[in-house]
Amino acid sequence: MKQNIVRLGHPALRLQAEPVDPSSLDTDEMQTLIGELIETLDFESGSGLAATQVGAGHQILVLSPVEGDGGQSRSELVVINPLLELEHADLVYDWEACLSVPGLKGLVPRYPKVRLRGLNARGEPLDLTLDGLQARLVQHAYDHLNGVVFLDRMRDLKSLAFSEEWGLYLSDSSDAA
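Following this note's numbering, the numbering of the sequence shown begins with 1 at its first residue and continues without gaps.
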(Lines of atoms letter the chains of each structure in order from A and count residues from 1; the text may use other names and numbers.)
(Lines give C-alpha, C1' and ligand atoms only; values in the text may rest on other atoms or scores of the structure.)
Protein backbone atom coordinates (compact mmCIF):
# COMPACT_ATOMS: atom_id res chain seq x y z
CA MET A 1 0.00 0.00 0.00
CA LYS A 2 1.26 3.45 -0.90
CA GLN A 3 2.35 5.62 2.03
CA ASN A 4 1.93 9.38 2.35
CA ILE A 5 5.16 11.30 1.94
CA VAL A 6 5.86 13.74 4.74
CA ARG A 7 6.72 17.28 3.74
CA LEU A 8 9.25 19.79 4.95
CA GLY A 9 8.30 20.81 8.47
CA HIS A 10 7.38 17.28 9.59
CA PRO A 11 9.74 16.29 12.43
CA ALA A 12 10.57 12.91 10.81
CA LEU A 13 12.58 14.74 8.13
CA ARG A 14 14.97 16.15 10.73
CA LEU A 15 15.59 13.03 12.80
CA GLN A 16 18.49 10.60 12.58
CA ALA A 17 17.12 7.22 11.40
CA GLU A 18 17.90 4.14 13.48
CA PRO A 19 19.80 1.13 12.11
CA VAL A 20 17.71 -1.90 11.20
CA ASP A 21 18.42 -5.13 13.06
CA PRO A 22 19.28 -7.53 10.20
CA SER A 23 17.40 -10.34 11.96
CA SER A 24 14.18 -8.32 11.56
CA LEU A 25 14.39 -8.20 7.76
CA ASP A 26 12.40 -11.41 7.31
CA THR A 27 9.51 -10.20 9.48
CA ASP A 28 6.18 -9.34 7.86
CA GLU A 29 6.38 -5.83 9.32
CA MET A 30 9.75 -5.03 7.74
CA GLN A 31 8.96 -6.64 4.38
CA THR A 32 5.66 -4.74 4.31
CA LEU A 33 7.50 -1.45 4.95
CA ILE A 34 10.01 -2.21 2.17
CA GLY A 35 7.16 -3.08 -0.22
CA GLU A 36 5.33 0.11 0.70
CA LEU A 37 8.46 2.19 0.08
CA ILE A 38 8.84 0.66 -3.39
CA GLU A 39 5.14 1.15 -4.16
CA THR A 40 5.22 4.76 -2.95
CA LEU A 41 8.32 5.54 -5.01
CA ASP A 42 6.71 4.03 -8.10
CA PHE A 43 3.39 5.81 -7.50
CA GLU A 44 5.11 9.18 -7.07
CA SER A 45 7.42 8.55 -10.07
CA GLY A 46 10.33 9.41 -7.82
CA SER A 47 14.00 8.58 -8.16
CA GLY A 48 14.73 7.77 -4.55
CA LEU A 49 12.95 7.49 -1.24
CA ALA A 50 14.14 7.16 2.36
CA ALA A 51 12.04 5.55 5.08
CA THR A 52 12.07 8.85 6.99
CA GLN A 53 10.12 10.42 4.11
CA VAL A 54 7.13 8.27 5.04
CA GLY A 55 7.64 8.89 8.76
CA ALA A 56 9.45 5.60 9.49
CA GLY A 57 12.65 6.00 11.50
CA HIS A 58 14.58 3.12 9.92
CA GLN A 59 17.78 3.29 7.88
CA ILE A 60 16.21 2.10 4.63
CA LEU A 61 16.40 3.73 1.23
CA VAL A 62 15.03 2.75 -2.16
CA LEU A 63 16.39 3.94 -5.51
CA SER A 64 14.55 3.56 -8.78
CA PRO A 65 16.31 2.18 -11.85
CA VAL A 66 18.22 4.87 -13.72
CA GLU A 67 17.61 5.22 -17.46
CA GLY A 68 20.73 4.96 -19.54
CA ASP A 69 22.62 2.72 -17.14
CA GLY A 70 23.16 0.12 -19.84
CA GLY A 71 20.39 -2.10 -18.51
CA GLN A 72 22.29 -2.84 -15.29
CA SER A 73 19.39 -1.80 -13.03
CA ARG A 74 16.08 -3.47 -13.80
CA SER A 75 14.34 -3.04 -10.47
CA GLU A 76 14.48 -0.80 -7.44
CA LEU A 77 17.59 -0.96 -5.31
CA VAL A 78 16.74 -1.43 -1.63
CA VAL A 79 19.53 -0.60 0.82
CA ILE A 80 19.33 -1.32 4.52
CA ASN A 81 21.74 0.45 6.91
CA PRO A 82 23.57 2.23 4.07
CA LEU A 83 27.10 3.54 4.47
CA LEU A 84 28.56 5.99 1.97
CA GLU A 85 32.20 6.59 1.19
CA LEU A 86 32.56 9.76 -0.84
CA GLU A 87 35.23 9.96 -3.51
CA HIS A 88 36.97 13.21 -2.80
CA ALA A 89 36.88 15.03 -6.09
CA ASP A 90 35.55 18.35 -7.26
CA LEU A 91 31.90 18.71 -6.35
CA VAL A 92 29.45 18.75 -9.24
CA TYR A 93 26.47 21.11 -9.17
CA ASP A 94 23.18 19.95 -10.65
CA TRP A 95 19.47 20.50 -10.17
CA GLU A 96 17.64 18.52 -7.52
CA ALA A 97 14.05 18.26 -6.43
CA CYS A 98 12.50 16.29 -3.59
CA LEU A 99 9.22 14.51 -2.94
CA SER A 100 9.23 16.01 0.58
CA VAL A 101 9.78 19.54 -0.75
CA PRO A 102 7.26 19.51 -3.59
CA GLY A 103 7.39 22.13 -6.30
CA LEU A 104 10.92 23.41 -5.69
CA LYS A 105 14.27 22.78 -7.37
CA GLY A 106 17.74 24.01 -6.63
CA LEU A 107 21.39 23.62 -7.57
CA VAL A 108 23.09 21.25 -5.17
CA PRO A 109 26.78 20.27 -5.01
CA ARG A 110 27.43 16.53 -4.73
CA TYR A 111 30.36 14.18 -5.11
CA PRO A 112 30.45 12.57 -8.56
CA LYS A 113 31.32 9.10 -7.30
CA VAL A 114 30.51 7.15 -4.14
CA ARG A 115 30.92 3.70 -2.69
CA LEU A 116 27.66 2.38 -1.21
CA ARG A 117 27.66 -0.46 1.27
CA GLY A 118 24.81 -1.98 3.26
CA LEU A 119 22.38 -4.87 3.04
CA ASN A 120 19.72 -5.66 0.46
CA ALA A 121 16.12 -6.48 1.41
CA ARG A 122 17.10 -10.13 2.07
CA GLY A 123 19.94 -9.14 4.39
CA GLU A 124 22.69 -9.92 1.88
CA PRO A 125 25.71 -7.57 1.73
CA LEU A 126 25.83 -4.86 -0.94
CA ASP A 127 29.00 -3.12 -2.06
CA LEU A 128 28.53 -0.87 -5.08
CA THR A 129 30.40 1.97 -6.71
CA LEU A 130 28.03 4.53 -8.17
CA ASP A 131 28.73 7.58 -10.28
CA GLY A 132 26.85 10.30 -12.07
CA LEU A 133 23.12 10.44 -11.47
CA GLN A 134 23.09 7.29 -9.33
CA ALA A 135 25.73 8.80 -7.02
CA ARG A 136 23.68 11.99 -6.73
CA LEU A 137 20.46 10.09 -5.99
CA VAL A 138 21.99 7.95 -3.27
CA GLN A 139 23.59 10.98 -1.59
CA HIS A 140 20.21 12.77 -1.62
CA ALA A 141 18.37 9.76 -0.14
CA TYR A 142 21.17 9.08 2.37
CA ASP A 143 20.92 12.67 3.58
CA HIS A 144 17.27 12.05 4.50
CA LEU A 145 18.37 9.27 6.86
CA ASN A 146 20.47 11.86 8.66
CA GLY A 147 17.86 14.62 8.89
CA VAL A 148 19.23 16.63 5.96
CA VAL A 149 17.21 17.95 3.00
CA PHE A 150 18.63 19.22 -0.28
CA LEU A 151 17.98 22.83 0.75
CA ASP A 152 20.56 22.38 3.53
CA ARG A 153 23.19 21.47 0.91
CA MET A 154 22.54 24.43 -1.38
CA ARG A 155 25.34 26.97 -1.30
CA ASP A 156 23.32 29.76 -2.94
CA LEU A 157 19.56 29.99 -2.51
CA LYS A 158 19.36 32.26 -5.57
CA SER A 159 19.09 29.09 -7.66
CA LEU A 160 16.00 27.92 -5.75
CA ALA A 161 13.01 27.93 -8.10
CA PHE A 162 9.51 26.60 -8.38
CA SER A 163 9.38 23.70 -10.83
CA GLU A 164 7.09 25.55 -13.26
CA GLU A 165 9.36 28.58 -13.41
CA TRP A 166 12.40 26.31 -13.61
CA GLY A 167 10.84 24.74 -16.71
CA LEU A 168 10.18 28.13 -18.26
CA TYR A 169 13.44 29.89 -17.47
CA LEU A 170 16.15 27.53 -16.26
CA SER A 171 15.61 24.10 -17.79
CA ASP A 172 18.42 24.33 -20.31
CA SER A 173 20.46 22.63 -17.56
CA SER A 174 19.95 18.94 -16.84
CA ASP A 175 17.34 17.90 -14.26
CA ALA A 176 19.20 15.60 -11.87
CA ALA A 177 17.16 14.37 -8.96
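Just so you know, even glycine gets a beta-carbon here, dropped at the ideal spot from N, CA and C.
- DSSP places E76 in the coil class of the three-state scheme, outside both helix and strand.
- C-alpha of E18 to C-alpha of G147: approximately 11 Å in a straight line.
- Put simply, of K158, S75, S47 and Q31 the residue whose alpha carbon is nearest the alpha carbon of H58 is Q31.
- With 16 or more neighbouring CB atoms inside 10 Å of its own CB, F150 falls in the buried class.
- Note on geometry: alpha-carbon atoms of G48 and L63 lie some 4 Å from one another.
- Of the residues assessed, Q16 falls on the exposed side of the cut-off, its CB having fewer than 16 other CB atoms within 10 angstroms.
- G46 is classed as buried because its beta carbon has at least 16 other beta carbons within 10 Å across all chains shown.
- By alpha-carbon distance to M154, the top candidate from S163, K105 and L145 is K105.
- A straight-line Cα-Cα distance of about 12 Å links I80 and V138.
- A direct Cα-to-Cα measurement between A135 and E87 gives close to 10 Å.
- Separation of D21 and I60 (C-alpha to C-alpha, rounded to the nearest whole angstrom) is 11 Å.
- Taking the Cα positions, D152 is about 13 Å away from G9.
- Within the segment 5 to 65, the complete alpha helix (DSSP H) segments at least 4 residues long are 28 to 44, listed from N- to C-terminus.
- Put simply, the segment 94 to 113 touches the segment 155 to 165. At least three CB pairs are less than 8 Å apart.
- Per DSSP, the unbroken beta strand (DSSP E) holding D94 starts and ends at V92 to C98.
- If you compare the alpha carbons of T129, L107, L99 and R14 with that of W166, the shortest gap goes to L107.
- In the structure shown, A161 falls within a strand segment according to DSSP collapsed to helix, strand and coil.
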